[in-house]
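Below is one structure, written out as structure tokens; comments come after it.
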Amino acid sequence: MRIVIAGGHGQIALLLERLLSARGDEVAGIIRDRSQGDDLREAGAEPVLLDLESASVEEVAAHLQGADAAVFAAGAGPGSGTARKDTVDKGAAILFADAAARAGVRRFVVVSAMAADPDHPGDEVFDVYLRAKGAADAYVRRLDALDWTILRPGRLTDEPGTGLVRLEAHTGRGSIPRADVAAVLADLIETSATAGLTLDLVSGSTPVSVAVKSVAGN
1419 MRIVIAGGHG
1429 QIALLLERLL
1439 SARGDEVAGI
1449 IRDRSQGDDL
1459 REAGAEPVLL
1469 DLESASVEEV
1479 AAHLQGADAA
1489 VFAAGAGPGS
1499 GTARKDTVDK
1509 GAAILFADAA
1519 ARAGVRRFVV
1529 VSAMAADPDH
1539 PGDEVFDVYL
1549 RAKGAADAYV
1559 RRLDALDWTI
1569 LRPGRLTDEP
1579 GTGLVRLEAH
1589 TGRGSIPRAD
1599 VAAVLADLIE
1609 TSATAGLTLD
1619 LVSGSTPVSV
1629 AVKSVAGN
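Shown next, in the form of structure tokens:
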């Protein structure tokens, strides 16, 4: 498979790129900083220099041509203000989805956030973030041209992955190592039976492959 990842230098994306390239997939990661290219190459991915905050749908679609799947793993980051929650977490996600549809890439996986909701109340930066993520998720759900799956991890940690997760429509709050998020994403990409599902993800007791097959069979 050829897989294009938006936010290619993010922590989860780099872990995912290693997993995908190790299993023989062709991986490209979209980055906005040329200096990050070596990190992607080391992970086995082709760096694609493109700013999703200023690119057009046509420009993004050109990089998605011929891909079998697309993953939106970009984010403004915890140190960013409210404006970039709108331009990255919402705007770039919508742009990437539109570009995937235009390029004919049906399989589309989104890394969202637990409790993302376009109507989430509050004025703090995290509230704005959850609204932005929720609005982007709602937009993706309306695109019939995409076989989308939305993954909503709990609190992310840098602990080693355990390979044991809880993956359900609603899990309740919890934490999850980034490595386990990447492992679930790798399985979701090639499990098209999860299309149309929005899934919460936290650490649990079920092996990743079993958890993904379980939700795909429901």
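So the number in our numbering is just where the residue sits in the sequence shown, counting from 1, plus 1418.
Each residue gets a CB set at the ideal place from its N, CA and C atoms; glycine is no exception.
Please read all numbers here as calculations on a predicted model, not as lab measurements.
Open item on the list: Using only the alpha-carbon positions, how far apart do Ala1491 and Arg1441 sit?
Closed with: Residue numbering aside, residue 1491 sits at position 73 when the sequence shown is read from its first letter. Residue numbering aside, residue 1441 sits at position 23 when the sequence shown is read from its first letter. Each residue's CA atom was taken as its position, placing Ala1491 and Arg1441 some 20 Å apart.
Task: Status (buried if at least 16 other CB within 10 Å, exposed otherwise) for Phe1514 - done: Reading the sequence shown from its first residue, position 96 is the one you call residue 1514. Buried is the label assigned to Phe1514, since at least 16 other Cβ atoms lie within 10 Å of its Cβ.
Open item on the list: Out of Ile1512, Glu1577, Ala1587, which one is the CA nearest neighbour of Ala1554?
Closed with: Taking the sequence shown and counting its residues from 1, one reaches residue 1554 at position 136. Ranking Ile1512, Glu1577, Ala1587 by Cα distance to Ala1554 puts Ile1512 first.
Task: Nearest-angstrom Cα separation, counted from Ala1487 out to Phe1526 - done: As a working note, residue 1526 is residue 108 in the sequence shown. As a working note, residue 1487 is residue 69 in the sequence shown. Going from the Cα of Phe1526 to the Cα of Ala1487 covers about 6 Å.
Task: Whole-angstrom distance between Ala1600 and Gly1493, CA atom to CA atom - done: Taking the first residue of the sequence shown as position 1, residue 1493 is located at position 75. Taking the first residue of the sequence shown as position 1, residue 1600 is located at position 182. Gly1493 and Ala1600 have their C-alpha atoms some 15 Å from each other.
Task: Between the CA atoms of Leu1564 and Ile1421 - distance to the nearest angstrom - done: For the purposes of this step, residue 1421 is identified with residue 3 of the sequence shown, where counting begins at 1. For the purposes of this step, residue 1564 is identified with residue 146 of the sequence shown, where counting begins at 1. Rounded to the nearest angstrom, the gap between the Cα atoms of Ile1421 and Leu1564 is 15 Å.
Task: Classification of Pro1595 by the beta-carbon crowding that lies within 10 angstroms, buried from 16 upward - done: Taking the sequence shown and counting its residues from 1, one reaches residue 1595 at position 177. Residue environment analysis places Pro1595 among the buried positions, since at least 16 neighbouring C-beta atoms fall within 10 angstroms of its C-beta.
- [ ] Measure the C-alpha to C-alpha separation of Val1505 and Ala1473 and round it to an integer number of angstroms.
- [x] Your numbering for residue 1505 matches position 87 in the sequence shown. Your numbering for residue 1473 matches position 55 in the sequence shown. In the sequence as presented, Val is not what sits at residue 1505; that position holds Thr. So the two alpha carbons sit approximately 12 Å from each other.
Task: At least 3 beta-carbon pairs within less than 8 Å: the segment 1572 to 1587 vs the segment 1546 to 1553 - done: As far as the Cβ criterion goes, the segment 1572 to 1587 does not touch the segment 1546 to 1553, which means the pair count is below three.
TODO: Report yes if the C-beta distance between Ser1632 and Asp1605 is below 8 Å; otherwise report no.
DONE: Translated into positions along the sequence shown, residue 1632 becomes position 214. Translated into positions along the sequence shown, residue 1605 becomes position 187. No; because the gap between Cβ atoms is not below 8 Å, this pair is not in contact.
Task: the segment 1445 to 1460 / the segment 1468 to 1485 touching (three or more Cβ pairs under 8 Å) - done: Short answer: they touch.
Task: Residue ranges of each alpha helix (DSSP H) within the segment 1480 to 1522, 4 or longer - done: As far as the segment 1480 to 1522 is concerned, its whole alpha helix (DSSP H) runs of at least 4 residues are 1511 to 1521.
Task: Same chain, Cβ closer than 6 Å to Gly1428, five either side skipped, listed in chain order - done: Mapped onto the sequence shown, residue 1428 falls at position 10. These residues qualify, in order along the chain: Ala1491.
TODO: Would you check if there are 3 or more beta carbon pairs closer than 8 Å linking the segment 1602 to 1620 to the segment 1566 to 1577?
DONE: Yes, since at least three Cβ pairs between the segment 1602 to 1620 and the segment 1566 to 1577 fall closer than 8 Å, the two stretches touch.
TODO: Quick one: using the 10 Å Cβ neighbour count with 16 as the cut-off for buried, is Pro1571 buried or exposed?
DONE: One-based indexing of the sequence shown puts residue 1571 at position 153. Its Cβ being crowded by 16 or more others within 10 Å, Pro1571 is buried.
- [ ] With a threshold of 16 other CB atoms inside 10 Å of the CB of Ser1593, please say whether the residue is buried or exposed.
- [x] One-based indexing of the sequence shown puts residue 1593 at position 175. The residue is exposed, with fewer than 16 neighbouring Cβ atoms inside 10 Å.
Task: Close-in-space but distant-in-sequence residues of the same chain around Ala1556 (CB under 7 Å, 5 per side omitted) - done: Here residue 1556 is taken as the residue at index 138 of the sequence shown, counted from 1. Only Pro1536 meet the Cβ criterion.
- [ ] Measuring alpha carbon to alpha carbon, tell me which of Ser1621, Gly1622, Glu1608 ends up nearest Ala1634.
- [x] Sequence index remark: in the sequence shown, residue 1634 carries index 216 (1-based). For the options Ser1621, Gly1622, Glu1608, the alpha carbon positioned closest to that of Ala1634 is the one of Glu1608.
Task: Option in Arg1591, Thr1612, Ala1629, Ala1611 with minimal Cα separation from Asp1598 - done: Along the sequence shown, read from residue 1 onward, the residue named residue 1598 stands at position 180. For Asp1598, the nearest C-alpha among the options comes from Ala1629.
TODO: Could you have a look at Ser1439 and say whether DSSP puts it in helix, strand or coil?
DONE: The residue labelled residue 1439 in the question sits at position 21 within the sequence shown. Here Ser1439 carries a helix assignment [DSSP, helix/strand/coil].
Open item on the list: Let me check understanding here. Comparing Cα to Cα, which of Leu1432, Arg1559, Arg1502 lies closest to Val1638?
Closed with: The first residue shown for the chain is 1419 and the last is 1636, placing residue 1638 beyond what the model contains.
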